[in-house]
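Chemist: For what it's worth, UniProt numbering labels the leading residue of the sequence shown as 1, then goes sequentially.
Let me give you the structure first, and then I'll get to my questions.
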Amino acid sequence: MTASGDGIGESGGVKDPAPVRTTAPLSDLPVPVPAPARAAGSAGRPRSESVLGRGYLALTLGIVSVVFLIAFEATAVGTAMPVAADELDGVSVYAFAFSALFTTSLLGMVVSGQWSDRSGPLPPLAWGIGSFAAGLVLSGTAATMGIFVAGRAVQGIGGGLVIVALYVTVSRAYPEQLRPTVLACFAAAWVVPAVVGPLIAGSVTQHLGWRWVFLGLPLLVAVPLAVMLPAVRRAASGPPPGDPAPDAADRPGQGPAGRTRLKFAVALAAGAGLLQYAGQELTLLAVLPAVAGAALLVPAALRLLPHGTYRAARGLPAVVLLRGIAAGGFVVAESFVPLMLVSQRGLSVTMAGLALAAGGATWALGSFTQSRQRLGPYRERLARGGMVLVTAGVAYTPAALAESVPVWTLAVAMAVGCYGMGLVISSTSVLLLQLSAPEEAGKNSAALQMSDSLSNVVLLAVTGAAFALCGGGSVSVGAAGSGSGSAGAAAAEGRPLAFVAVYAIAALVCALGVAVAGRLGERT
Numbered sequence: 001m002t003a004s005g006d007g008i009g010e011s012g013g014v015k016d017p018a019p020v021r022t023t024a025p026l027s028d029l030p031v032p033v034p035a036p037a038r039a040a041g042s043a044g045r046p047r048s049e050s051v052l053g054r055g056y057l058a059l060t061l062g063i064v065s066v067v068f069l070i071a072f073e074a075t076a077v078g079t080a081m082p083v084a085a086d087e088l089d090g091v092s093v094y095a096f097a098f099s100a101l102f103t104t105s106l107l108g109m110v111v112s113g114q115w116s117d118r119s120g121p122l123p124p125l126a127w128g129i130g131s132f133a134a135g136l137v138l139s140g141t142a143a144t145m146g147i148f149v150a151g152r153a154v155q156g157i158g159g160g161l162v163i164v165a166l167y168v169t170v171s172r173a174y175p176e177q178l179r180p181t182v183l184a185c186f187a188a189a190w191v192v193p194a195v196v197g198p199l200i201a202g203s204v205t206q207h208l209g210w211r212w213v214f215l216g217l218p219l220l221v222a223v224p225l226a227v228m229l230p231a232v233r234r235a236a237s238g239p240p241p242g243d244p245a246p247d248a249a250d251r252p253g254q255g256p257a258g259r260t261r262l263k264f265a266v267a268l269a270a271g272a273g274l275l276q277y278a279g280q281e282l283t284l285l286a287v288l289p290a291v292a293g294a295a296l297l298v299p300a301a302l303r304l305l306p307h308g309t310y311r312a313a314r315g316l317p318a319v320v321l322l323r324g325i326a327a328g329g330f331v332v333a334e335s336f337v338p339l340m341l342v343s344q345r346g347l348s349v350t351m352a353g354l355a356l357a358a359g360g361a362t363w364a365l366g367s368f369t370q371s372r373q374r375l376g377p378y379r380e381r382l383a384r385g386g387m388v389l390v391t392a393g394v395a396y397t398p399a400a401l402a403e404s405v406p407v408w409t410l411a412v413a414m415a416v417g418c419y420g421m422g423l424v425i426s427s428t429s430v431l432l433l434q435l436s437a438p439e440e441a442g443k444n445s446a447a448l449q450m451s452d453s454l455s456n457v458v459l460l461a462v463t464g465a466a467f468a469l470c471g472g473g474s475v476s477v478g479a480a481g482s483g484s485g486s487a488g489a490a491a492a493e494g495r496p497l498a499f500v501a502v503y504a505i506a507a508l509v510c511a512l513g514v515a516v517a518g519r520l521g522e523r524t
């Protein structure tokens, strides 16, 4: 499961992933709402006691179906990708099929944030779902690897538009008391795809061909469109209430503020792409794209993320930073587990993958735990406790290098870490919406998702370089979350120090997150 358990996968792992995530039935998630409570943009609607009550049923099912579709794509296409690359004679550019989706999704996130703050979440949501489906069709009908990668890029734009628009929809359509439950539904929607997605994709690839893995998914788009868009139109369409912020007053990409943010978004995507390329090469020739990528990415990130993010300023900046720390640190750990078990413990790829199998359920369970209304006042403690569990799980992982340590203990450690991630990821989402004015929900939601994605690529590049320098061989950053546990196994064999280096970095990053989690509340 990726860190983006409530969103887009394939960036390496929230989840989210990559990449990727049983909890109690959603109908068992009642959250009482005081009568005076009103969600922005839905005044006058009857308040129901549950996200599955009459007033929210269509909207909730629509949102969950969209997340389910994205999760299924993220977990399924990785199985078909090697076959597609081989048939299209594109193995040499295989990693670009992943990085193209990631880099364009960053651009889509920024555009969606502006668009949602200006016109409401409905336009970017509709265009995002359409673009996502169009990208799948383009890749599924591709005659060359270039067209296939282009389809992945279109798909990434759609995914970036959708995930931010979904956050704004939650902010606008649901009262504050129901938001933790809705976000828990995001994580729950990943559980079934995480379990059956690769199996279904493998069967379809074997019997019908890899193209149908891509072409079959757009057929499911009609369901969320028909169910959700009318409900979004009723509950969350139009400009936000209150005076628009300066950034939100401009149409996406138009006006001084809009054009400036769009330029920084392009620079951010280009810089991330160059860093991914440098991380894949790991040669002296990769220094130039690495420097160029950092020169583009760092200034753009500083302008697009909330002021004070990288010094963990209290409140919103610390929330955004914690999301990146948690996602990046855990995705690094999760991505190297199959490779470590295959090369160091002699497990098959299938058995190595099973070490992560329980993570989907415990991630959803952690997200469910934070949705309990009685725990609402302890949101910051939940996030900090979650980071402690994540750090413990990551720090224990290299112990499995020792033959005397049973592999099942590693599976338990990763399950504990996933439970902590469920607490942290959902809690940061809830806190972000609490700390965001209605007219800035889009911009801030985009910042949260960018922090998640950027930390993945940066930390995977750093740990990939450390892995290579310690004799582990080259690891493709772009395909780190593709589930290819055997990649580089021969090079890594007999090099346990390389894995120790990776997990030392990941554990230190997660430990930093424990400290940052103490700064989530605004100073009183």
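We treat Cβ as the ideally placed atom computed from N, Cα and C, and that holds for glycine.
Everything numeric in this text was worked out from a predicted model, so none of it was measured.
(1) Can you round the beta-carbon distance between Ile70 and Val162 to whole angstroms, since I take them to be within the 8 Å contact cut?
(2) Between Arg233, Ala278, Gly216, Val390, which has its C-alpha nearest Ala133's C-alpha?
(3) What do you get for Ser404, buried or exposed, if any count of 16 or more other CB atoms within 10 angstroms of its CB means buried?
(4) Quick one: is Leu183 buried, meaning 16 or more other Cβ sit within 10 Å of its Cβ, or exposed?
(5) Runs of 3 residues minimum, wholly inside the stretch 267-306: which ones carry the beta strand (DSSP E) assignment?
(6) List the endpoints of the continuous alpha helix (DSSP H) containing Leu522.
(7) If you reduce the DSSP assignment to three classes, tell me which class Ser119 lands in.
(8) Can you tell me which of the three DSSP states Ser436 falls into?
(9) Measure the Cβ-Cβ separation of Thr397 and Ala333 and say whether it is below 8 Å.
(10) Roughly how many angstroms lie between the CA atoms of Ala278 and Thr369, to the nearest whole one?
(11) Which one of Ala352, Ile325, Gly346 has the shortest CA to CA distance from Pro338?
(12) Ser348 by DSSP, collapsed to three states: which one?
(13) Can you tell me the Cα-Cα spacing of Arg152 and Leu106, whole angstroms?
(14) Just verifying my parser: in three-state terms, what is the DSSP assignment at Ser404?
(15) On the premise that Pro230 lies in contact with Ala120, defined as a C-beta separation below 8 Å, what is that separation, rounded to the nearest angstrom?
(16) Going by DSSP, what residue range makes up the alpha helix (DSSP H) through Arg152?
(17) Within 8 Å (strictly less), CB to CB, does Ala85 reach chain C?
(18) Could you spell out where the alpha helix (DSSP H) holding Asp452 opens and where it closes?
(19) Please state if the CB of Gly156 and the CB of Gly130 are separated by a distance shorter than 8 Å.
(20) Take Met109 as the anchor and find which of Pro124, Ala150, Phe98 has the nearest alpha-carbon.
(21) Pick helix, strand or coil for Ser371, following the three-state DSSP scheme.
(22) Rounded to whole angstroms, what is the Cα-Cα separation between Gly513 and Leu454?
(23) Output the boundary residues of the alpha helix (DSSP H) element that contains Trp212.
(24) Going by beta carbon distance, what residues of the same chain come within less than 7 Å of Ala498, once the five residues before and after it are set aside?
(25) Hey, quick one: how far does the alpha helix (DSSP H) through Tyr503 stretch, first residue to last?
(26) Under the three-state reduction of DSSP, which class applies to Pro239: helix, strand or coil?
(27) Measure from the alpha carbon of Leu166 to the alpha carbon of each residue in Leu61, Arg323, Arg495, then state which is nearest.
(28) Using a 10 Å radius around the Cβ and a threshold of 16 neighbouring Cβ atoms, would you call Lys443 buried or exposed?
(29) Could you tell me the distance, in whole angstroms, from the CA atom of Val349 to the CA atom of Leu101?
(30) Rounded to whole angstroms, what is the Cα-Cα separation between Phe264 and Gln276?
(31) Taking the alpha-carbon positions, what's the Ala150 to Ala85 distance?
(32) How big is the Cα-Cα spacing for Ser203 and Glu87?
(33) How would you call Gly140, buried or exposed, if buried means at least 16 neighbouring beta carbons within 10 angstroms?
(34) Counting C-beta neighbours from all protein chains within 10 Å, is the total for Thr391 16 or more, i.e. buried, or is it exposed?
(35) Count Cβ pairs between the stretch 355-362 and the stretch 415-426 that sit closer than 8 Å; are there 3 or more?
(36) Which residue's Cα is closest to the Cα of Arg234: Gly53, Gly271, Leu122, Leu382?
Modeler: Reading from the atomic positions:
(1) Translated into the one-based positions of the sequence shown, residue 70 becomes position 70. Translated into the one-based positions of the sequence shown, residue 162 becomes position 162. With 8 Å as the limit, Ile70 and Val162 qualify as a contact, their Cβ atoms being about 7 Å apart.
(2) For the purposes of this step, residue 133 is taken as residue 133 along the sequence shown, with counting starting at 1. The option with the nearest alpha carbon to Ala133 is Gly216.
(3) The residue you call residue 404 lines up with position 404 of the sequence shown. With fewer than 16 Cβ atoms within 10 Å of its Cβ, Ser404 is classed as exposed.
(4) Mapped onto the sequence shown, residue 183 falls at position 183. Looking at its Cβ environment, which holds 16 or more other Cβ atoms inside 10 Å, Leu183 is buried.
(5) none
(6) Translated into the one-based positions of the sequence shown, residue 522 becomes position 522. The question names Leu, but residue 522 in the sequence shown is Glu. Looking at the DSSP string, Glu522 is not in any alpha helix (DSSP H), and its letter there is neither H nor E.
(7) As a first step, residue 119 must be located in the sequence shown, where it is residue number 119. Helix.
(8) The residue labelled residue 436 in the question sits at position 436 within the sequence shown. The answer is coil: DSSP assigns Ser436 none of H, G, I, E or B.
(9) Translated into the one-based positions of the sequence shown, residue 397 becomes position 397. Translated into the one-based positions of the sequence shown, residue 333 becomes position 333. Taking 8 Å as the Cβ cut-off, Thr397 and Ala333 qualify as a contacting pair.
(10) On the sequence shown, residue 278 is found 278 positions in, with the first residue counted as 1. On the sequence shown, residue 369 is found 369 positions in, with the first residue counted as 1. Answer to the nearest angstrom: the Cα atoms are 40 Å apart.
(11) Position 338 of the sequence shown holds residue 338. Of the candidates Ala352, Ile325, Gly346, the one whose C-alpha sits nearest the C-alpha of Pro338 is Ala352.
(12) Here residue 348 refers to the residue found at position 348 when the sequence shown is read from its first residue. Residue state, collapsed to three classes: coil.
(13) Numbered from its first residue, the sequence shown carries residue 152 at position 152. Numbered from its first residue, the sequence shown carries residue 106 at position 106. Spanning the two alpha carbons is a distance of roughly 13 Å.
(14) Counting from 1 along the sequence shown, the entry for residue 404 is found at position 404. Reduced to three states, the DSSP call for Ser404 is coil.
(15) Position 120 of the sequence shown, counted from the start, is the residue given in the question as residue 120. Position 230 of the sequence shown, counted from the start, is the residue given in the question as residue 230. Checking the sequence shown, residue 120 turns out to be Gly, not Ala. Not confirmed; about 14 Å, so no contact.
(16) Here residue 152 refers to the residue found at position 152 when the sequence shown is read from its first residue. Segment 145-173, the alpha helix (DSSP H) holding Arg152.
(17) The structure shown has no chain C; it contains just one protein chain.
(18) Numbered from 1 along the sequence shown, position 452 holds the residue referred to as residue 452. Here the alpha helix (DSSP H) through Asp452 covers 441-469.
(19) Taking the first residue of the sequence shown as 1, we reach residue 130 at position 130. Taking the first residue of the sequence shown as 1, we reach residue 156 at position 156. Contact: no.
(20) If you number the sequence shown from 1, residue 109 lands on position 109. Met109 has its Cα closest to that of Pro124, out of Pro124, Ala150, Phe98.
(21) Here residue 371 corresponds to residue number 371 of the sequence shown, with the count starting at 1. Correct three-state label for Ser371: coil.
(22) For the purposes of this step, residue 513 is identified with residue 513 of the sequence shown, where counting begins at 1. For the purposes of this step, residue 454 is identified with residue 454 of the sequence shown, where counting begins at 1. About 16 Å.
(23) To locate residue 212, count along the sequence shown from 1; it is residue 212. First-last of the alpha helix (DSSP H) with Trp212: 211-216.
(24) In the sequence shown, residue 498 corresponds to position 498, counting from 1. Result list for Ala498: Phe467, Cys470, Gly471, Gly472, Ala492, in chain order.
(25) For the purposes of this step, residue 503 is taken as residue 503 along the sequence shown, with counting starting at 1. Its alpha helix (DSSP H) spans residues 496-516.
(26) As a first step, residue 239 must be located in the sequence shown, where it is residue number 239. Pro239 falls in the coil class under three-state DSSP.
(27) Numbered from 1 along the sequence shown, position 166 holds the residue referred to as residue 166. Closest option to Leu166, Cα to Cα, is Leu61.
(28) Position 443 of the sequence shown, counted from the start, is the residue given in the question as residue 443. Buried is the call here.
(29) Taking the sequence shown and counting its residues from 1, one reaches residue 349 at position 349. Taking the sequence shown and counting its residues from 1, one reaches residue 101 at position 101. Near 25 Å, if we compare the C-alpha coordinates of Leu101 and Val349.
(30) Stepping through the sequence shown from its first residue, residue 264 is reached at position 264. Stepping through the sequence shown from its first residue, residue 276 is reached at position 276. When rounded, the distance between both Cα atoms is 18 Å.
(31) The sequence position of residue 150 within the sequence shown is 150, counting from 1. The sequence position of residue 85 within the sequence shown is 85, counting from 1. Roughly 13 Å between the two C-alpha positions.
(32) Reading the sequence shown from its first residue, position 203 is the one you call residue 203. Reading the sequence shown from its first residue, position 87 is the one you call residue 87. Distance between the alpha carbons of Ser203 and Glu87: 17 Å.
(33) The sequence position of residue 140 within the sequence shown is 140, counting from 1. Result: buried.
(34) Within the sequence shown, residue 391 is the residue found at index 391, counting from 1. Its Cβ being crowded by 16 or more others within 10 Å, Thr391 is buried.
(35) yes
(36) The sequence position of residue 234 within the sequence shown is 234, counting from 1. For the residues Gly53, Gly271, Leu122, Leu382, the minimum Cα distance to Arg234 belongs to Leu122.
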